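Here this note's numbering is used: the first residue of the sequence shown is 38, the next is one more, and so on.
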Amino acid sequence: MDDLKIGFLLPTRDRVVLGDHGTEPLLRLAALAERAGLDSVWAGDSPVTRQRADPLTLLAAVAARTERVALGTAVLLPALRHPIPLAHQLATLDRLSDGRLVAGMGAGFPAPATEAQFTAIGVDYKTRVSRMRECVQAMRLLWSGDAVSYEGRHFAFHDVAIAPRPVRPEGPPIWAAGKPGDADGWLPYPPTPQLYAEEATAVRPGTTPALYATVSVDADPERAQQRLRASIERYYNAPLEFVSSIQAMFAGTAADTAAWLGRYVTAGARHIVVRLAVDDHETALAGFADQVLPLLRAGEFA
38 MDDLKIGFLL
48 PTRDRVVLGD
58 HGTEPLLRLA
68 ALAERAGLDS
78 VWAGDSPVTR
88 QRADPLTLLA
98 AVAARTERVA
108 LGTAVLLPAL
118 RHPIPLAHQL
128 ATLDRLSDGR
138 LVAGMGAGFP
148 APATEAQFTA
158 IGVDYKTRVS
168 RMRECVQAMR
178 LLWSGDAVSY
188 EGRHFAFHDV
198 AIAPRPVRPE
208 GPPIWAAGKP
218 GDADGWLPYP
228 PTPQLYAEEA
238 TAVRPGTTPA
248 LYATVSVDAD
258 PERAQQRLRA
268 SIERYYNAPL
278 EFVSSIQAMF
288 AGTAADTAAW
298 LGRYVTAGAR
308 HIVVRLAVDD
318 HETALAGFAD
328 QVLPLLRAGE
338 FA
């Protein structure tokens, strides 16, 4: 399918969980994703709850190692930050990548661990949604490069200008993890294609419908399922059954994985961000690119 894009989530959290704090392997994976023909590379955000490399710093290094792939946050938590320095960081990263940045954003999954992260940073957890909305509004003003003012419940500033401006006058596209609203893209993870199709009806024309999906691919479906369980339960410290009831995830052969992802494509998804539930991400990424990606490109979902 010509309009279908496939991206790869860098395993920033997975590597830390396994005791590897190095960043060079992540940069090699980003370069491999580009060489393998994927369309985008993504990094998640969680400074305290699920520790990992900072996504914006890491993506700046990825920008220097790649030339073509889009660079995205999946997803950034703007409510933890002030809009002026965040707008400055995102604009600079957009320039470093020659306009390849996609700013995926979310409020944070409602859970005790998320609340603890907000508390540790000194942000009222109950205001995370309204803070996120204000942050986005303020950044879009700041990205004009003009001296602007903003007055909100959480943030206020007057006659502030930042530089450099982003490559696009409106700034990098913003993709929402939750309700799409007036975002430029929608990046949810509904556990079923049916639910995705239902929720996609709220996406306005011109918005990119995307999907965040976790997969474990192996010629042996049982081994794929075992890897999925090990990865997810280590990542979230929660049973696979619970996490899979909330998030889109699948374990199986390459053909079955393509068929499963294809059902989301049929439901409307046009940019799939894939998280690989494995320990050896380099081998798994090469295998996904060789075995699953061609089926998705060809539209061979059955």
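C-beta atoms are modelled at their ideal positions from N, C-alpha and C, and glycine is treated no differently.
Note that the structure is a prediction, hence the values are computed from the model and not measured.
Going by Cα to Cα distance, which pick from 321, 286, 291 and 96 is closest to residue 140? 96 is the residue among 321, 286, 291 and 96 whose C-alpha sits nearest the C-alpha of residue 140.
If we count Cβ pairs, one from each stretch, closer than 8 Å, do we get three or more for the segment 214-222 versus the segment 239-246? Remark: three or more beta-carbon pairs, one from each stretch, lie closer than 8 Å, so the segment 214-222 and the segment 239-246 are flagged as touching.
Residue 101, buried or exposed, once every other Cβ within 10 Å from all chains shown has been counted against 16: Exposed, by the Cβ-count rule.
C-alpha gap between residue 179 and residue 124, whole angstroms: Rounded to whole angstroms, the gap between the alpha carbons of residue 179 and residue 124 is 7 Å.
Within a Cβ cutoff of 6 Å, which residues of the same chain sit near residue 300, ignoring the five residues on either side of it in sequence? 230.
Within the continuous alpha helix (DSSP H) that includes residue 125, where are the two ends? Where residue 125 is concerned, the enclosing alpha helix (DSSP H) starts and stops at 120-133.
Along the chain, where does the beta strand (DSSP E) that runs through residue 191 open and close? From DSSP, residue 191 is part of no beta strand (DSSP E); its letter is neither H nor E.
Can you check which of these residues, 211, 122, 311 and 315, is closest to residue 261 by C-alpha distance? The residue among 211, 122, 311 and 315 with its C-alpha nearest the C-alpha of residue 261 is 315.
Going by DSSP in three states, residue 92 sits in which element: helix, strand or coil? In the structure shown, residue 92 sits in a helix (DSSP, three-state: H, G or I).
Hey, how far is the Cα of residue 65 from the Cα of residue 153? C-alpha separation (whole angstroms): 33 Å.
Taking the straight line between their C-alpha atoms, what separation do you get for residue 191 and residue 294? Cα to Cα, residue 191 sits roughly 44 Å from residue 294.
Own chain residues within Cβ distance below 7 Å of residue 136, not counting five before or after: Apart from the 5 residues on each side of it in sequence, residue 136 sits with its Cβ closer than 7 Å to the Cβ of 204 and 205 in its chain, given in chain order.
Tell me whether residue 326 sits in a helix, a strand or coil according to DSSP, three-state version. The three-state reading of DSSP puts residue 326 in helix, counting H, G and I together.
Tell me the rounded alpha-carbon separation between residue 188 and residue 129. Between residue 188 and residue 129, the C-alpha separation is close to 24 Å.
At 4 residues or longer, and completely inside the segment 193-244: list those alpha helix (DSSP H) runs for me, N to C. Counting whole runs of 4 or more residues, the segment 193-244 contains the alpha helix (DSSP H) stretches 230-237.
Are there 16 or more other CB atoms within 10 angstroms of the CB of residue 156, so buried, or fewer, so exposed? Exposed is the label assigned to residue 156, since fewer than 16 other Cβ atoms lie within 10 Å of its Cβ.
Could you tell me the boundaries of the alpha helix (DSSP H) in which residue 279 lies? Counting along the chain, the alpha helix (DSSP H) containing residue 279 begins and ends at 277-281.
Roughly how many angstroms separate the alpha carbons of residue 317 and residue 131, rounded to a whole number? About 30 Å.
Measuring straight from C-alpha to C-alpha, what distance separates residue 103 and residue 110? Straight-line Cα distance between these residues: approximately 16 Å.
Can you name the start and end residues of the alpha helix (DSSP H) that residue 297 belongs to? Bounds of the alpha helix (DSSP H) holding residue 297 are 291-303.
Under 6 Å Cβ to Cβ from residue 145, same chain only, skipping five residues before and after it: list those, please. Around residue 145: 114, 151 and 165.
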